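Structure, as structure tokens:
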Amino acid sequence: MSAEVSDSAADATGREPSSDRVLETGCAIVGAGPAGLMLGLLLARAGVEVTVLEKHADFLRDFRGDTIHPSTLEVLHEIGLLDEFLQLPHTRAPRLHAEIGGRDVTIADFSRLPTRCRFIAFMPQWDFLDFLAREAGKLANFHLMMGTEVTDLLPADQSGAALRARGPDGSLVIRARLIVGADGRNSIVRDKAGLQVESFGSPSDVLWMKLSHLPDDPPYTMGHGGPRQGFVMVDRGDYWQCGYVVRKGTFADVKERGLDDFRKVVAAASPLPPERMDEVRSWDDVHLLSIRIDRLKRWWKPGVLCIGDAAHAMSPIGGVGVNLAIQDAVAAANILAGPLRNDAVLDRHLRAVERRRIFPTKATQKIQVMMRRRRRSADTKDPGRSGPPAFMRFIARWPVLAHLTGRLVGVGFKSEHVAHAMRSIHIRK
Numbered sequence: 001m002s003a004e005v006s007d008s009a010a011d012a013t014g015r016e017p018s019s020d021r022v023l024e025t026g027c028a029i030v031g032a033g034p035a036g037l038m039l040g041l042l043l044a045r046a047g048v049e050v051t052v053l054e055k056h057a058d059f060l061r062d063f064r065g066d067t068i069h070p071s072t073l074e075v076l077h078e079i080g081l082l083d084e085f086l087q088l089p090h091t092r093a094p095r096l097h098a099e100i101g102g103r104d105v106t107i108a109d110f111s112r113l114p115t116r117c118r119f120i121a122f123m124p125q126w127d128f129l130d131f132l133a134r135e136a137g138k139l140a141n142f143h144l145m146m147g148t149e150v151t152d153l154l155p156a157d158q159s160g161a162a163l164r165a166r167g168p169d170g171s172l173v174i175r176a177r178l179i180v181g182a183d184g185r186n187s188i189v190r191d192k193a194g195l196q197v198e199s200f201g202s203p204s205d206v207l208w209m210k211l212s213h214l215p216d217d218p219p220y221t222m223g224h225g226g227p228r229q230g231f232v233m234v235d236r237g238d239y240w241q242c243g244y245v246v247r248k249g250t251f252a253d254v255k256e257r258g259l260d261d262f263r264k265v266v267a268a269a270s271p272l273p274p275e276r277m278d279e280v281r282s283w284d285d286v287h288l289l290s291i292r293i294d295r296l297k298r299w300w301k302p303g304v305l306c307i308g309d310a311a312h313a314m315s316p317i318g319g320v321g322v323n324l325a326i327q328d329a330v331a332a333a334n335i336l337a338g339p340l341r342n343d344a345v346l347d348r349h350l351r352a353v354e355r356r357r358i359f360p361t362k363a364t365q366k367i368q369v370m371m372r373r374r375r376r377s378a379d380t381k382d383p384g385r386s387g388p389p390a391f392m393r394f395i396a397r398w399p400v401l402a403h404l405t406g407r408l409v410g411v412g413f414k415s416e417h418v419a420h421a422m423r424s425i426h427i428r429k
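Take a look at the structure:
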């Protein structure tokens with residue numbers, strides 16, 4: 001367990017006295033998503049005392065990033081967990097497809113990647129997170145606190161940083177050499193730390209829904225280009241996870257036109273039989289994902305670091321947000337494990353994490369902004385909605401480019417590899 005100290009010991013640090021329970025740990029990670037749990041697992045393997053805080057009581061939330069990319073599978077291989085992970089139910093996509101002009105087009109081909117697994121694994125994110133939490137839980141120096149929500153960051157002092165949280169047993173203070181915000185695009189850590197966000201906008205939102213998967217359905221995975229709107233299909237085994245792309249901020253207008261109109265318009269963009277949309281029985285079956293592309297101007301301040309969506313929110317195009325989050329976690333673990341073990345985390349170490357990950361972040365976001373551009377329509381009342389994005393039309397003309405997009409989607413601009421010190425387990429329960 002993380003060390004628990006008395007209130008009198010808390011007063012001796014110079015902070016204001018508090019009746020809160022006080023815990024001490026080496027690294028406090030806020031958010032038990034892919035980045036937070038992977039970072040916690042790797043640091044614990046390296047012998048660092050780690051506490052991960054997750055505000056929800058479980059991982060069961062729909063319409064999250066459910067893609068496990070080849071580079072993430074490579075990380076699992078490097079830490080000896082790949083074979084066990086692939087025992088979990090999943091579907092594999094060696095290629096991603098789209099329908100453009102009535103023709104099936106491969107938009108990403110992973111067959112030439114320099115990785116052990118040349119496919120994307122589609123798996124409910126809660127299964128992935130359960131797996132990481134279970135493996136990390138085998139380590140005596142890893143602690144996961146579910147149902148514990150961070151409410152504030154406290155002033156840092158010579159002993160490190162601190163946060164206040166509210167959990168099942170009441171409020172508490174956690175002190176750590178380092179606080180890592182891995183709590184997503186609405187990060188409380190980056191907000192309370194006062195880190196500035198630079199937004200690049202997005203012209204679209206996605207409306208997610210579930211439709212049944214039947215044996216005679218077309219074998220699409222990831223994309224279908226409708227005549228005027230994008231329609232995304234992710235094969236989840238017994239159902240399709242479908243996304244319908246709309247202009248940003250227009251969901252209220254879509255609802256005002258009525259559910260019957262929505263079913264009809266989506267059915268026209270979908271390759272599935274029109275009657276499949278009857279499964280959308282109310283607006284409760286439609287979930288809005290507001291697309292944002294942004295990043296922090298600086299990812300850190302003394303004692304605090306943000307990674308994953310907390311540092312850079314991505315468009316869901318290609319599911320690359322999870323991939324970048326995992327890569328951030330690996331880079332952070334490689335750079336910070338030694339300083340955390342030695343109680344010597346300095347600003348230069350935090351700066352090194354950002355410098356390591358800033359190029360792939362900027363490059364990926366640049367590509368995502370470009371991928372959303374469309375050729376302007378002749379209909380001036382509906383500019384830019386004449387068909388699939390330009391990059392998809394370009395790949396349709398030059399199929400060899402599918403290997404390039406496969407590289408960008410499957411591995412990214414910079415692939416991180418787990419340091420040898422973390423490929424074996426140092427501390428077990």
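Numbering (full-length UniProt numbering), first residue to last: 1 to 429.
By construction, the Cβ of each residue, glycine as well, lies at the ideal position given by its N, Cα and C atoms.
Bear in mind the structure is a predicted one, so any value in this text is a computation, not a measurement.
- In the displayed model, residue 368 falls within a helix according to three-state DSSP.
- Taking 8 Å as the cut-off, the Cβ atoms of residue 192 and residue 217 do not count as close.
- Taking residue 422 as reference, the option from 358, 330, 357, 415 with the minimal CA-CA separation is 330.
- Per DSSP, the beta-bridge partners of residue 121 are 68, 92.
- In this chain, the beta strand (DSSP E) harbouring residue 176 covers 170 to 181.
- Excluding sequence positions up to five before and after residue 298, its CB lies within less than 8 Å of the CB of 195, 196, 354, all in the same chain and listed in chain order.
- In this structure, residue 324 sits near residue 412, with a CB-CB distance shorter than 8 Å.
- At least 8 Å separates the beta-carbon of residue 328 from that of residue 121.
- Between residue 212 and residue 276 a beta carbon distance of about 7 Å is seen, short of the 8 Å cut, so the two are scored as contacting.
- DSSP places residue 198 inside the beta strand (DSSP E), whose first and last residues are 197 to 199.
- Runs of the beta strand (DSSP E) lying entirely within the stretch 252 to 339, each at least 3 residues long, are 287 to 290, 294 to 296, 304 to 306 in chain order.
- For residue 184 against residue 309, the beta-carbon gap comes to about 5 Å, under 8 Å, which counts as contact.
- Rounded to whole angstroms, residue 111 and residue 279 show a C-alpha spacing of 36 Å.
- One thing to note: residue 181 has its Cβ within 8 Å of the Cβ of residue 306.
- Residue range 204 to 212 is occupied by the beta strand (DSSP E) that includes residue 210.
- Comparing alpha carbon positions, the residue from 248, 50, 206, 126 closest to residue 336 is 50.
- Taken through DSSP and simplified to helix, strand or coil, residue 250 comes out as coil.
- With respect to the C-alpha of residue 397, the residue from 206, 106, 340 having the closest C-alpha is 106.
- Residue state for residue 421 is assigned as helix, using DSSP reduced to three classes.
- Collapsing the DSSP output to three states places residue 149 in a strand.
- Closest in alpha carbon position to residue 32, among 127, 88, 21, is 127.
- Non-local beta-carbon contacts of residue 350 in its own chain, meaning distances under 6 Å to residues more than five positions away in sequence, involve 300, 305 in chain order.
- In the three-state scheme derived from DSSP, where H, G and I count as helix and E and B as strand, residue 22 is classed as strand.
- According to DSSP, residue 51 shares a beta bridge with 28, 143.
- Restricting attention to 201, 399, 416, 85, the CA atom closest to the CA of residue 326 is found in 416.
- For residue 103, the enclosing beta strand (DSSP E) has its first and last residue at 103 to 109.
- Where residue 45 is concerned, the enclosing alpha helix (DSSP H) starts and stops at 34 to 45.
- In the three-state reduction of the DSSP assignment, residue 166 falls in the strand class, which pools E and B.
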